[in-house]
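This report refers to the structure that appears directly beneath it.
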Amino acid sequence: MEEFLRRSGKGHPEHIAELYAPKVDWRVDWPTENHPIVPWIRPRSTRADVADHFHTFSQHCPPAEGHVSIDHLMVDGINAVLIGTSSQMVKSTGKRFVMTFALHLTVEDGLITRHHMYEDSLTVAEAFDRS
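This note's numbering runs 8 ahead of the 1-based position in the sequence shown.
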């Protein structure tokens, strides 16, 4: 988990993706798949998809404008759950969103095989709304 947090903090998508298995059980919470207004909320299943997720996220939410805090980290065998808060600025609208999240990761043979993010996706979508 420490390496995941370190690499995530540096924001290099390919370096983050190196921590993932070639096939990943991926979920970013939203009531429907492929929500069109938030570009990174979509189905993914490969290491290349993971790199694309972090790349797309950083294109729309500049790392210098964001902050993530981890309030709790729980590890039980191969599973870890991180609970925290993310505050990000959407580049296209100038709107900021702040949300609490829970991230469930599973690590097998040293690689992340599950990435399930439970977040307030509605808050994120509202920050993309240009009205």
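Even glycine gets a Cβ: it sits at the ideal position worked out from N, Cα and C.
- By the neighbour-count definition (other C-beta atoms within 10 Å, threshold 16), Ala59 is a buried residue.
- A straight-line Cα-Cα distance of about 6 Å links Ala110 and Leu90.
- Between Thr93 and Val76, the CB-CB gap stays under 9 Å.
- In the DSSP assignment, Ala72 falls outside any alpha helix (DSSP H), carrying neither H nor E.
- Straight-line spacing of the CA atoms in Arg55 and Gly102 works out to 30 Å.
- Annotation: Arg50 to Pro71 spans about 21 Å, alpha carbon to alpha carbon.
- As DSSP reads the structure, Val115 sits in a beta bridge with Ile120.
- Bridge pairing for Lys31: Thr54 [DSSP].
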